[in-house]
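As structure tokens, the structure follows; a few thoughts come after it.
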Amino acid sequence: MLDMKFIRENADFVKKAITKKKTVVDIDKMLALDSKRRDIIHNVEDLKKQRNQASANIAKKKKANESADSVIAEMKKVGEQISNLDGELRDLDQQIKDIATWIPNLPHESVQEGGEDDMVIVREWGEIPEPTFKVLPHWEIGEKLGILDLEAATKISGSGFYLLRGLGARLQRALVSYMLDTHAADGFEEITAPYIVTEDSMFGTGQLPKMEDDMYKTTEDGMYLIPTAEVSITNIMKKEILDGKDLPIKMVGYSPCFRREAGAAGKDTRGMIRVHQFDKVEMVKVVHPDTSYEELEKLVAQAEKILQGLKIPYRVGTLATGDLSFAAAKCYDIELWASGVGKYLEISSVSNFESFQTRRMNCRFRNDEKKVQFPHTLNGSGVALARLIPAILENYQNEDGTVTIPEVLVPYMGGIEKIG
RNA sequence: GGAGAGGUGGCAGAGUGGUCGAAUGCGCACGCUUGGAAAGCGUGUAUACUCACAAGGUAUCCAGGGUUCGAAUCCCUGCCUCUCCGCCA
68 MLDMKFIREN
78 ADFVKKAITK
88 KKTVVDIDKM
98 LALDSKRRDI
108 IHNVEDLKKQ
118 RNQASANIAK
128 KKKANESADS
138 VIAEMKKVGE
148 QISNLDGELR
158 DLDQQIKDIA
168 TWIPNLPHES
178 VQEGGEDDMV
188 IVREWGEIPE
198 PTFKVLPHWE
208 IGEKLGILDL
218 EAATKISGSG
228 FYLLRGLGAR
238 LQRALVSYML
248 DTHAADGFEE
258 ITAPYIVTED
268 SMFGTGQLPK
278 MEDDMYKTTE
288 DGMYLIPTAE
298 VSITNIMKKE
308 ILDGKDLPIK
318 MVGYSPCFRR
328 EAGAAGKDTR
338 GMIRVHQFDK
348 VEMVKVVHPD
358 TSYEELEKLV
368 AQAEKILQGL
378 KIPYRVGTLA
388 TGDLSFAAAK
398 CYDIELWASG
408 VGKYLEISSV
418 SNFESFQTRR
428 MNCRFRNDEK
438 KVQFPHTLNG
448 SGVALARLIP
458 AILENYQNED
468 GTVTIPEVLV
478 PYMGGIEKIG
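Its first residue numbered 68, the first sequence is counted upward by one per residue in our numbering.
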């Protein structure tokens with residue numbers, strides 16, 4: 068959500084920024100409604116002032132045993148006018164909200180204009196290996212080793228699901244522990260939060276209304292399955308007034324993520340790259356507005372730390388304006404090299420939402436001057452398992468068809484150093 | 001799921017139709033007092049909208065409707081919390 072006052076005062080800037088984000092919203096209509104709304108507020112508040120004064124008057128007269136009938140009759144009329152205007156106001160508020168909730172966050176000035184193909188790579192880490200043998204894609208090596216059973220998953224849930232078994236399942240558990248431990252050691256509070264949330268929470272982080280089609284929704288209660296732990300964890304702060312001294316707040320949580328992938332039919336259908344349910348460790352920060360871009364850099368580094376620990380080559384890029392998600396002002400994607408499929412896989416997305424989410428959630432903090440202010444929120448995958456496991460199965464694959472366990476995971480695997 | 005009770009400011013807790021944004025206490029901040037502290041005394045202590053600012057105004061006692069000239073107070077609906085019963089991991 069953007070600040071209405073800001074939109075009012077910077078209409079052209081906002082319109083341009085929205086276009087950069089490849090979104091269409093009728094700002095002019097909203098501004099017209101807004102000005103009408105303010106006119107009515109003036110009007111109705113004036114009437115309410117009259118009513119309040121008359122009310123006091125009536126009370127006084129009654130106490131003195133005087134007749135207040137004429138004032139009461141008059142106020143009856145005023146009361147009607149007030150309720151009419153209040154009705155109009157409610158209507159306008161709804162119309163304004165209907166538009167406002169579709170306005171995306173504005174891209175940060177440092178973000179390049181463009182679309183999907185305009186990502187700017189800011190750094191690369193590690194050497195892309197040049198294997199001397201034919202590396203099998205993860206779905207082949209996984210099936211061969213009996214640790215990935217896509218057929219069973221399909222039988223159970225249809226297409227777009229995976230099933231890990233044996234050391235595959237254990238590998239995932241090891242990764243989750245490794246990641247949570249790493250982040251916790253760096254000051255992130257570990258969170259286990261609900262995976263099913265209210266519409267209100269989905270709105271708070273900006274998934275709704277725009278991404279409605281990509282969400283799983285329960286029919287009886289109108290609840291949503293989270294597409295990322297970001298939703299649950301960030302909404303911890305919903306409707307709170309935080310103490311400025313507590314910022315930055317750093318949290319991390321593991322969760323399954325549920326995505327309908329409504330618009331992605333046919334893309335990456337093999338293996339576990341694009342699925343309806345996957346697991347992810349997610350980091351969330353709530354920070355002072357002045358520091359959010361420094362915090363963004365730190366958060367990217369935190370995600371990279373996981374990959375460096377696993378010794379898997381990756382690159383980091385900034386998304387162009389048109390590729391940014393609805394709520395993001397700036398976003399880094401981290402892509403991991405997977406030598407079996409022979410390409411980079413997006414494994415982490417680290418974003419600064421500025422005050423977009425906190426406005427929606429009405430989360431504020433008290434600053435040094437004791438004033439309330441919206442903090443900034445950030446989040447980043449730290450990282451997604453359904454992309455990380457394929458990368459491990461491919462990058463750590465040996466010629467004899469075994470897969471070496473990355474060194475940092477061996478303790479988490481109970482000392483097992485190799486699968487197969 | 002059934003029965004009951006309840007939701008008031010940072011917290012506790014008054015307030016059952018009239019001048020209530022709301023007594024009182026605690027907490028917190030500042031000042032006085034003190035060698036310093038405690039105690040004591042005094043002052044202050046919400047959020048949002050409207051507004052160029054200030055002043056002023058308006059709204060907010062879980063949320064949404066309703067009754068009324070007027071609602072924290074009465075009525076309806078929803079949400080949440082607690083207690084008991086049932087069910088259950």
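The beta carbon of each residue, even a glycine, is placed where N, CA and C say it ideally should be. Being a predicted model, the structure only gives us computed values, none of them experimental.
- L374 and K222 have their C-alpha atoms roughly 33 angstroms apart.
- The Cβ atoms of Q239 and L230 lie no closer than 8 angstroms to each other.
- With contacts defined as CB atoms closer than 8 angstroms, Y381 and L363 fail to qualify as a contacting pair.
- Looking at the DSSP output, W192 shares a beta bridge with Y381.
- If you look at E256, you'll find it in the beta strand (DSSP E) that goes 256-258.
- For P196, the closest C-alpha among the options G449, I293, V408 is that of V408.
- The C-alpha of E361 lies about 16 angstroms from the C-alpha of M350.
- Around the C-beta of N124, fewer than 16 other C-beta atoms lie within 10 Å, and the residue is accordingly described as exposed.
- In this structure, the beta-carbon distance from K211 to G468 falls below 8 angstroms.
- In terms of Cα proximity to V477, the closest of I163, T444, R427, L377 is L377.
- With respect to the C-alpha of K312, the residue from D158, K437, A167 having the closest C-alpha is K437.
- D153: member of the alpha helix (DSSP H) spanning 136-167, first to last residue.
- DSSP places G227 in no beta strand (DSSP E); its state is neither H nor E.
- For G271, the enclosing alpha helix (DSSP H) covers residues 266-271.
- Here I163 is buried. Its C-beta has 16 or more other C-beta atoms within 10 Å.
- In this structure, A260 and G320 form a Cβ contact; the two beta carbons are roughly 6 angstroms apart against a cut-off of 8 angstroms.
- The C-alpha of G449 is placed about 7 angstroms away from the C-alpha of S415.
- Classified as buried, H175 has 16 or more neighbouring CB atoms from the shown chains inside 10 Å of its CB.
- Selection P198, R426, R341 evaluated against P457 yields R341 as nearest (Cα-Cα).
- The beta-carbon distance between R433 and I308, rounded to whole angstroms, is 6 angstroms. This is short enough to meet the 8 angstroms contact definition.
- With respect to the 8 angstroms criterion, D400 and G384 are classified as neighbours on the basis of their beta carbons.
- Within the model, the alpha-carbon separation for T301 versus Y411 is close to 29 angstroms.
- Taking 8 angstroms as the upper bound for CB-CB distance, Q440 and R431 are in contact here, some 6 angstroms apart.
- A distance below 8 angstroms separates the beta carbons of I94 and K82.
- Under the three-state reduction of DSSP output, V470 falls in the strand class.
- In this structure, DSSP gives R433 an extended state, which the three-state scheme calls strand.
- By alpha-carbon distance to L98, the top candidate from I108, A167, S137, G209 is A167.
- Between F393 and G227, the C-beta spacing is not below 8 angstroms.
- Ranking L159, A121, D101 by CA distance to the CA of E76 puts D101 first.
- One alpha carbon belongs to S322, the other to I293, and they sit about 9 angstroms apart.
- P473 counts as buried, since no fewer than 16 other beta carbons sit within 10 angstroms of its beta carbon.
- Cβ neighbours of V354 within its own chain (closer than 8 angstroms, five residues either side excluded): L314, P315, I316, E362, P442, H443, T444, L445.
- The alpha helix (DSSP H) runs of length 4 or more contained entirely in the stretch 280-316 are, from start to end of the chain, 296-301.
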